[in-house]
Amino acid sequence: MNDKPERLIDKKGLRLDGRKPDQLRPVKLEVGVIPAADGSAYIEQGKNKILAGVYGPREAHPKHLALQDRLVLKCRYHMAPFSVQERKSPAPSRREVELSKVIREALEPAIFVELYPRTMVDLTVEVLQADGGTRCASITAASLALADAGLPMRDLVVACAAGKADDKIVLDLMDEEDKLGSADVPVALMPNLNAITLLQMDGKLTQEEFEAAVNLAIEGCKQIYAMQKDALKAKYMSVKGEGEE
Ligand code: ADP
Numbered sequence: 518m519n520d521k522p523e524r525l526i527d528k529k530g531l532r533l534d535g536r537k538p539d540q541l542r543p544v545k546l547e548v549g550v551i552p553a554a555d556g557s558a559y560i561e562q563g564k565n566k567i568l569a570g571v572y573g574p575r576e577a578h579p580k581h582l583a584l585q586d587r588l589v590l591k592c593r594y595h596m597a598p599f600s601v602q603e604r605k606s607p608a609p610s611r612r613e614v615e616l617s618k619v620i621r622e623a624l625e626p627a628i629f630v631e632l633y634p635r636t637m638v639d640l641t642v643e644v645l646q647a648d649g650g651t652r653c654a655s656i657t658a659a660s661l662a663l664a665d666a667g668l669p670m671r672d673l674v675v676a677c678a679a680g681k682a683d684d685k686i687v688l689d690l691m692d693e694e695d696k697l698g699s700a701d702v703p704v705a706l707m708p709n710l711n712a713i714t715l716l717q718m719d720g721k722l723t724q725e726e727f728e729a730a731v732n733l734a735i736e737g738c739k740q741i742y743a744m745q746k747d748a749l750k751a752k753y754m755s756v757k758g759e760g761e762e
């Protein structure tokens, strides 16, 4: 383990990885990375590496989970044993069960579930490397995977967290800031509809700090949304390119 740093923000106002308080980590997005899945996407956000895959819509399995008037979204968030410093047990932890639910609830409002009664979409999120903010990066990638599967959606869902490190409100916390900072506020957004689908808070903030964190997280979401749209377009541009050869 690294020694605990004395400060998360230095005298110049920069963070441990050299970022300004309102700066995102580098984000890389790719759509359609798993040909066997109906839809898939990959995200790197800082050191996070996450893969999302979708099967469906197809007949619900097990059948008793089917709903007569809508599609059921089944979501599994899982961290690979090698995704963190100390081997993580591959069995689903309490945290993974909770994050699976949170991710599902953040995505569902974007899907026209009523168009597919008695069916199911299976969404799997596999965290290959984790460095803080994996629920948000998972939502960003999963929403691209759902779109890649051709599911009619009201909007993409994009997520980003903001929080407090030392006494400053900062965007997109990495693991050290998440652990040593005093608060973390993950936000998921449907940017075109201007609707929040996930809002959580871990830690303590004043009302003013909370509002500043939510606004900063929304700004981060909007930046990632532009990248999401580019990633979706890039897939279809490459398909078009292949056809032309
Ligand atoms: P999020 O990843 O959405 O921020 P948490 O706040 O629960 O969710 O986790 C923060 C970070 O803690 C994770 O991104 C990961 O880097 C780390 N972490 C989570 N679970 C484990 C674990 N079992 N062992 C080591 N680190 C973990």
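Take the sequence shown: its letters are residues 518 to 762, numbered as in the numbering used here.
Glycine is no exception: its CB is placed at the ideal position from the N, C-alpha and C atoms.
All of these numbers come straight from a predicted model, not from anything done at the bench.
Between aspartate 683 and leucine 525, the C-beta spacing is below 8 Å. Counting of Cβ neighbours within 10 angstroms places lysine 681 among the buried residues, the total reaching 16 or more. Rounded to the nearest angstrom, the gap between the Cα atoms of leucine 568 and glutamate 726 is 33 Å.
The beta carbon of glutamate 613 is closer than 7 Å to those of Tyr594, His595 and Met596 in its chain, skipping five residues each way along the sequence. The distance from the Cβ of leucine 668 to that of proline 552 is about 18 Å, inconsistent with a contact at the 8 Å cut-off. With a cutoff of 7 Å, methionine 754 does not count as near the ligand ADP, since its C-beta is closer than that to no heavy atom of the ligand. Distances from the CB of methionine 596 to the heavy atoms of the ligand ADP include at least one below 7 Å. Rounded to whole angstroms, the separation of the alpha carbons of leucine 584 and glutamate 728 is 38 Å. In this structure, DSSP gives methionine 744 a helical state, which the three-state scheme calls helix. Straight-line spacing of the CA atoms in aspartate 672 and alanine 627 works out to 6 Å.
Shown here, alanine 679 sits in a strand according to DSSP, grouped into three states.
As for any beta strand (DSSP E) of minimum length 3 sitting wholly inside the stretch 549-632, the runs are 556-562, 565-576 and 589-596, ordered along the chain.
Three or more beta-carbon pairs drawn from the stretch 748-757 and the stretch 648-666 are found closer than 8 Å, and the two stretches are therefore classed as touching. Residue state for methionine 691 is assigned as coil, using DSSP reduced to three classes.
The alpha carbon of valine 687 has as its nearest neighbour, out of Gln540, Lys529, Glu523 and Lys528, the alpha carbon of Gln540. Contact check for isoleucine 741 against valine 638 fails: the beta carbons are separated by 8 Å or more.
By the 16-neighbour rule on beta-carbons within 10 angstroms, glutamine 745 is buried. If you compare the alpha carbons of Met718, Val550, Asp648 and Asn565 with that of tyrosine 753, the shortest gap goes to Val550. Taking the CA atoms as reference points, proline 607 sits about 6 Å from proline 598.
Lysine 580 has its alpha-carbon roughly 30 Å from the corresponding atom of valine 548. In this structure, the straight-line span from the alpha carbon of leucine 733 to that of alanine 679 is close to 6 Å. A straight line joining the alpha-carbon of arginine 536 with that of threonine 636 spans about 44 Å. Distances from the alpha-carbon of alanine 712 to those of Asp520, Lys564 and Ala623 put Ala623 closest. With contacts defined by Cβ atoms closer than 8 Å, glutamine 646 and lysine 545 do not form a contacting pair. In the DSSP assignment, aspartate 665 falls within the alpha helix (DSSP H) that extends over 651-665.
Residue pairing by DSSP puts threonine 641 in a beta bridge opposite Gly570 and Arg593.
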